[in-house]
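Protein chains in written order, with the numbering used here: chain A, 1 to 328; chain B, 1 to 328.
Where is the CB? At the ideal position from N, CA and C, for every residue including glycine.
Remarks on the structure that follows.
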């Protein structure tokens with residue numbers, strides 16, 4: 001039997017926990033340790049046998065870990081951690097600040113070109129699987145339009161925004177793709193649609209004692225940037241309902257390319273996800289791409305990489321001949 | 001400006017014609033010539049300026065063509081042509097006899113390991129894009145079930161079968177995925193479904209003069225292997241209706257993986273195609289992968305390959321830094 005891929009997890013929030021659960025599902029991987037700023041005392045892992053170390057101890061594991069899954073946030077953790085870890089480890093991360101990806105890629109690549117490590121950035125579903133499908137669909141159907149719809153999903157930023165409204169005790173916001181818009185795209189109509197026209201917003205609010213529904217609703221639906229330009233619905237619910245129905249972090253969406261081949265025929269290419277837990281799925285993507293980072297490194301494919309550099313064979317636990325025989 | 005990729009087409013049926021149309025849509029490719037057993041006299045290309053040569057002349061183009069798109073059939077053309085062309089050319093083909101893929105791969109690889117060419121086999125949508133999605137979904141969600149549904153689509157083999165029934169003047173058969181089955185899978189129910197339960201069959205028949213509807217219908221719906229085990233509907237139509245409504249070759253389908261992440265949450269991964277022209281789309285996939293065959297060869301990635309070896313960057317006309325900036 002081949003040796004298992006030895007994996008480390010850096011950061012233990014929703015993503016880190018999801019990565020721990022996902023590694024346990026993979027036949028060819030073992031988790032060596034979780035590294036956290038909180039240290040062993042501050043972290044309660046899913047599995048009793050999981051080792052937890054302070055993040056400062058990571059360096060001592062250089063020879064014991066094939067790839068590190070970096071589960072920190074894009075705002076401050078990853079821009080600092082990834083170039084640092086890339087000096088000594090293969091890594092994957094989910095850096096998702098779109099506008100900063102080119103600079104981030106360069107900052108990582110500069111390190112990994114020297115260290116000879118393989119560091120795959122911006123892994124997940126968007127950026128990630130959605131990006132792959134945008135690129136493949138456009139390569140195959142150069143004439144056409146690509147549409148991305150997000151949802152139904154819990155939006156962290158918009159949930160935070162409604163919770164800041166006066167009179168709101170608790171609140172969540174879901175982004176909902178417009179069914180009419182999706183139907184029009186699938187129908188090959190190539191509509192011209194703004195982000196606001198492609199999505200609706202739905203809020204579930206628990207009021208503070210004495211707060212007035214109409215005032216809270218007005219404050220939400222007129223909030224600039226967040227809600228004013230959208231079709232927004234506000235539902236008022238009890239605390240018990242919030243507790244019962246709105247604790248999950250569902251998300252998903254659609255990438256649809258409506259293209260026209262040279263003979264004038266319309267061709268619809270579609271990819272979609274419907275996720276009951278956004279962080280659990282995102283971390284499962286990270287874990288599969290951790291396999292790729294390790295493999296690509298053993299094959300001498302070093303440097304900063306993105307999902308665009310990774311082939312299906314690189315992320316699969318199966319051998320290429322088995323895949324050809326059983327799934328091609 | 002970079003030099004365009006110089007492409008040849010071998011075989012000029014529906015796929016060859018689709019490849020000619022697709023190459024004209026690509027910004028970085030030029031068609032050097034079509035090669036046909038019928039020679040220049042026997043082929044009428046889409047574009048007046050397209051050069052047509054007898055297939056025996058292909059060898060003379062060794063220095064003028066970067067990649068050959070092999071558009072022959074899987075039964076007899078490709079098993080003979082691909083190992084022959086792999087001696088001198090990078091190639092892509094759409095070999096789709098699933099059971100023979102391992103042997104076919106070996107026969108091509110033996111040649112291309114010596115010749116140093118890159119030869120991507122079994123390219124299209126199934127095998128092809130559907131296969132990629134099966135592999136990626138299972139790598140990300142190791143616990144779960146993968147479902148493939150085909151259609152709505154014209155089935156060549158089943159259309160031939162109904163046309164052989166006595167009393168049938170003209171006929172076509174469409175494979176239709178069961179909507180109830182798709183809904184159940186999307187709902188995370190992980191149903192156990194045979195191919196017969198996942199699909200329905202719909203036939204459109206023009207009767208010969210004097211033929212009896214009931215007899216023809218009975219002969220079709222009881223036909224073993226083809227229809228007996230399926231929910232089959234037979235519609236009788238006029239010749240004019242056949243001419244007006246059933247001349248296209250639509251196809252498509254769905255790959256859905258219903259998986260469960262380690263936290264017990266259900267996650268639905270779905271890929272689908274709705275194609276107004278099956279051969280036009282399949283040839284567009286071949287053309288995008290022709291780009292990959294050429295690129296991979298210039299990078300020293302030689303030998304027989306499948307879609308599992310090809311990364312999104314390899315098939316895109318855009319440079320990696322542009323893709324990172326604009327679509328990641």
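Residue burial classification, residue 198(A) (beta-carbon count within 10 angstroms, cutoff 16): buried
Beta-bridge partners of residue 9(A), as assigned by DSSP: 34(A), 69(A)
For residue 93(A), the nearest candidate out of 23(A), 286(A), 177(A), 320(A) (CA to CA): 286(A)
Straight-line gap, residue 111(B) to residue 249(B) (C-alpha atoms, nearest Å): 35 Å
Unbroken stretches of the beta strand (DSSP E), 3 residues or longer, contained in the region 170–211 of chain A: 199–207
Validate contact between the region 112–121 of chain B and the region 213–222 of chain B using beta carbons, cut 8 Å, 3 pairs: no
Contacting residues, own chain, Cβ-Cβ under 8 Å from residue 86(B) (five flanking each side not counted): 108, 111, 112, 115, 117, 119, 304
Residue 209(B) to residue 52(B) span [Cα, whole Å]: 43 Å
Residue 128(B) versus residue 43(A): straight-line alpha-carbon distance, rounded: 44 Å
Backbone CA spacing between residue 73(A) and residue 80(A) [nearest angstrom]: 10 Å
is_contact[residue 329(A), chain B] using C-beta, thresh 9 Å: Any question about residue 329(A) goes unanswered here, given that chain A covers just 1 to 328.
Residue 134(B): contacting residues in chain A (beta-carbon distance under 7 Å): 327
Residue 240(A), DSSP secondary structure in three states: helix
For residue 146(B), the residue or residues it bridges with in DSSP: 257(B)
Cα-Cα separation, residue 160(B) to residue 17(B): 22 Å
Pick from 322(B), 293(B), 323(B) that is closest to residue 69(B), judged by C-alpha positions: 293(B)
Inter-residue spacing [alpha-carbon to alpha-carbon] between residue 259(A) and residue 314(A): 29 Å
Residue 189(B) to residue 220(A) span [Cα, whole Å]: 37 Å
Inter-residue Cα distance where the pair is residue 91(A) and residue 60(B): 48 Å
7 Å CB neighbourhood of residue 222(B) in its chain, flanking five on each side removed: 228
Beta-carbon proximity of residue 256(A) to residue 182(A), cut-off 9 Å: yes
Selection of the region 228–244 of chain B by Cβ proximity to chain A, strictly under 8 Å: none
Option nearest residue 95(A) by Cα separation, candidates 137(A), 89(A), 121(A), 84(A): 121(A)
Chain B contact for residue 57(A) (CB, 9 Å cutoff): no
Closer than 9 Å to chain B by CB, residue 318(A): yes
Residue(s) in a DSSP beta bridge with residue 267(A): 259(A), 275(B)
Cross-chain neighbours of residue 285(B) in chain A, by beta carbon under 7 Å: 140
Proximity test, Cβ basis, 9 Å: residue 105(A) and chain B: yes
Cutoff 9 Å: residue 27(B) Cβ touching any chain A Cβ: yes
Contacts of residue 321(B) in chain A (Cβ-Cβ under 9 Å): 102, 105
Any chain B beta carbon closer than 9 Å to residue 269(A): yes
Contact with chain B by residue 93(A), beta-carbon distance below 9 Å: no
Nearest-angstrom Cα separation, counted from residue 153(B) out to residue 204(B): 13 Å
Nearest candidate by alpha-carbon position, reference residue 247(A), set 319(A), 4(A), 299(A), 156(A): 156(A)
Any C-beta of chain A under 9 Å from that of residue 22(B): yes
Residue 185(A) versus residue 49(A): straight-line alpha-carbon distance, rounded: 49 Å
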